[in-house]
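Residue numbers (this note's numbering): 229 to 436. Glycine included, every Cβ here is placed at the ideal spot set by N, Cα and C. These figures come from a predicted structure and were not determined experimentally. Contents: one structure, followed by commentary.
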Amino acid sequence: DAHDELKKLKPEVRILVSTEGDVEKKGKPVLCLKLERDPSAFYANIALPTFITVSIVLMSFFSRDGASIASVATGILTLMASQVALQAKLPKTVYITYAGWYLLVTYMFLFFLGLGLTLIERITPDKDMNILDYDGALWIIIAFTVLWGALHLFAFLDYTGFLGFDFLRRMLRVSWEDIVVPEEKIVNGNPIQYIKRLGKPARKALST
Numbered sequence: 229d230a231h232d233e234l235k236k237l238k239p240e241v242r243i244l245v246s247t248e249g250d251v252e253k254k255g256k257p258v259l260c261l262k263l264e265r266d267p268s269a270f271y272a273n274i275a276l277p278t279f280i281t282v283s284i285v286l287m288s289f290f291s292r293d294g295a296s297i298a299s300v301a302t303g304i305l306t307l308m309a310s311q312v313a314l315q316a317k318l319p320k321t322v323y324i325t326y327a328g329w330y331l332l333v334t335y336m337f338l339f340f341l342g343l344g345l346t347l348i349e350r351i352t353p354d355k356d357m358n359i360l361d362y363d364g365a366l367w368i369i370i371a372f373t374v375l376w377g378a379l380h381l382f383a384f385l386d387y388t389g390f391l392g393f394d395f396l397r398r399m400l401r402v403s404w405e406d407i408v409v410p411e412e413k414i415v416n417g418n419p420i421q422y423i424k425r426l427g428k429p430a431r432k433a434l435s436t
């Protein structure tokens, strides 16, 4: 292993922790390393296929046969098959990544789309009628379509940096201020490190 020699190295830096005015405790150094993954693989392997799959489901509602809950079910099954195949490409973490949240949002989007479609079918008086001909049904489908398109338009603008749009990029990054160990978090000689991940603090105590 090329990193064997690095593993044998011992830290040469020591942190002196003051306890009740006496500098006696010696703690291990806290090293903070911030990494950022290249999002290109996420967009190419997850976001784009998912966007196309759900878009085809939405387009099927405007076909001659009209909307059908079977289209939503087919879309969900397609996403599940794709997710199983993509598990090897997703990072192995104990927390949910933004890719995982994106897929969860997609599942919830299709769930509420199917729920709305089912309710419309139940209140449609003529069972042979295209449900989009029912009052308000067309606008509901259009609202879902606009919502799905707008969500990905923001993501596309952020990825390309068009017009200087970088809101999502700045929002999803962890700032250095969030990984600094405050002095008041040093208890009994043990620095307690607070690192924010996905907006939730993760507490890690380092022993001396």
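Presumed contact (8 Å Cβ cut-off) between residue i and residue j, rounded CB distance
| i | j | result |
| --- | --- | --- |
| Leu-338 | Val-282 | 7 Å |
| Gly-342 | Val-300 | 4 Å |
| Ala-327 | Ile-284 | In fact, because the Cβ distance is near 21 Å, the residues do not count as touching under 8 Å. |
| Tyr-335 | Leu-307 | 7 Å |
Where residue i falls, given that 16 or more other Cβ within 10 Å makes a residue buried
| i | result |
| --- | --- |
| Val-333 | exposed |
| Trp-329 | exposed |
| Phe-382 | exposed |
| Phe-340 | exposed |
| Phe-372 | buried |
Contacts around residue i, its chain only, beta-carbon distance under 8 Å, and the 5 residues preceding and following it disregarded
| i | result |
| --- | --- |
| Ile-368 | Gly-344 and Ile-348 |
| Gln-311 | Leu-331 |
| Pro-277 | Ser-310 |
| Thr-302 | Val-285 |
Neighbourhood of residue i by C-beta, 7 Å cutoff - its chain only, sequence neighbours within 5 removed
| i | result |
| --- | --- |
| His-380 | Phe-279 |
| Glu-412 | With a pLDDT of 49 at Glu-412, under the threshold of 50, the modelled position of this residue cannot be trusted, and the question is left open. |
| Thr-346 | Ile-297 |
| Phe-390 | none |
| Ala-378 | none |
| Thr-388 | none |
Closest Cα partner of residue i within the set the options
| i | options | result |
| --- | --- | --- |
| Trp-376 | Ala-272, Ser-268, Met-287 and Phe-270 | Met-287 |
| Arg-350 | Ile-297, Gln-311 and Gln-315 | Ile-297 |
| Ile-304 | Tyr-387, Thr-388, Gln-315 and Leu-331 | Leu-331 |
| Ala-269 | Leu-314, Ala-378 and Leu-385 | Leu-314 |
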